Ligand code: GRG
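Numbering (the working numbering), first residue to last: 531 to 828.
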């Protein structure tokens, strides 16, 4: 870790991730699929998940970001990007803007957008398998990849999206189901980001479990803050529905609890997250990152 300031750390980590992603997505033929993949990967995402992976690795290994961690951190971002491309499709959320830019299917058409999402998921698997081989099939690397693909599958992100899709247009009345949806859809990939960093750092199981629990609470706080920002119309997702529209159509913590109580949950989940990792976070960067994410204004 070459800095004590969060802003500097974010810049440093984002640069490392962007450079590595650029290498992983080197253009080839057919050109259009690479263009579509790169369009969404380089559309201005925060790189939250790879940064969490890098920072967890640095905290627990005492080493700086190196080749060992960048492949898996970037594989997580590839999976995250595929999920956003597919989430925006007409068959799902039917959004025309993301991060203030036209969505992938608006630019490339639906067929190429579906294939670009598929290709990013496929690329993530390829990157992980090559990474495992490069590292002599070390068990920690295999465990990390297994956790990541399980977290993005039916027991994680896809499962959460299915709950969302089948309940769309009707109000979820069961609090447990609302939690299950968000834990799977949002927290799981955030948990995977921390867990992968911990595995590669060679952390013992109880430490891995602490970071898994941290990711779960951060994921909930992050999601609820996102819902609050969506409702008050401050979201980065310009062009997305806000306010009344959300209350009628979406199942979020805000539609369930109201803005005020939802914001209280942001605070309680983030405080719980911080409590779990504060003993590991000697520089305080992970605590600062947590506070930054859950207090963000857009
Ligand atoms: C289509 C399989 C499939 C899954 C979609 C992740 C997801 C599931 C849907 C995206 C919509 C959504 C509300 C997700 C919740 C998590 C969330 C707030 C994602 C946005 O993540 P950021 O803010 O995105 O890290 P950036 O733009 O910074 O990369």
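Beta carbons: idealized from backbone N, C-alpha and C, even for Gly.
Everything numeric in this text was worked out from a predicted model, so none of it was measured.
Rounded to a whole number of angstroms, what is the C-alpha to C-alpha distance between residue i and residue j?
i, j, result
"residue 837", "residue 593", "Lying outside 531 to 828, the shown extent of the chain, residue 837 is not represented and no answer is given."
"residue 706", "residue 688", "18 Å"
"residue 780", "residue 623", "10 Å"
"residue 588", "residue 719", "19 Å"
"residue 784", "residue 818", "25 Å"
"residue 814", "residue 808", "8 Å"
"residue 810", "residue 590", "7 Å"
"residue 542", "residue 632", "28 Å"
"residue 628", "residue 613", "13 Å"
"residue 618", "residue 782", "17 Å"
"residue 768", "residue 708", "With a pLDDT of 43 at residue 768, under the threshold of 50, the predicted position of this residue should be treated as unreliable, and no value is reported."
"residue 547", "residue 681", "21 Å"
"residue 797", "residue 559", "48 Å"
"residue 823", "residue 723", "15 Å"
"residue 662", "residue 579", "20 Å"
"residue 676", "residue 758", "33 Å"
"residue 712", "residue 750", "7 Å"
"residue 700", "residue 692", "14 Å"
"residue 557", "residue 695", "34 Å"
"residue 690", "residue 730", "27 Å"
"residue 804", "residue 740", "11 Å"
Taking DSSP's pairing of strands, which residues face residue i in a bridge?
i, result
"residue 707", "Paired residue(s): none; residue 707 is not in a bridge."
"residue 628", "631"
Which first and last residues belong to the alpha helix (DSSP H) in which residue i is found?
i, result
"residue 610", "597-618"
"residue 676", "669-681"
"residue 745", "735-761"
"residue 564", "561-571"
"residue 586", "578-591"
"residue 652", "640-664"
"residue 687", "687-696"
"residue 729", "718-730"
"residue 548", "536-554"
"residue 787", "783-787"
"residue 713", "Segment: none, residue 713 is in no alpha helix (DSSP H) and carries neither H nor E."
"residue 818", "815-824"
Since residue i contacts residue j with CB under 8 Å, what's their CB separation in whole angstroms?
i, j, result
"residue 615", "residue 641", "Going by Cβ atoms, the distance from residue 615 to residue 641 rounds to 12 Å, so no, they are not a contact pair."
"residue 665", "residue 598", "7 Å"
"residue 754", "residue 795", "5 Å"
"residue 555", "residue 569", "That pair is no contact at about 11 Å."
Residue i: beta carbon under 7 Å from a heavy atom of the ligand ADP?
i, result
"residue 648", "As for the ligand ADP, it is missing from this structure, which binds only the ligand GRG."
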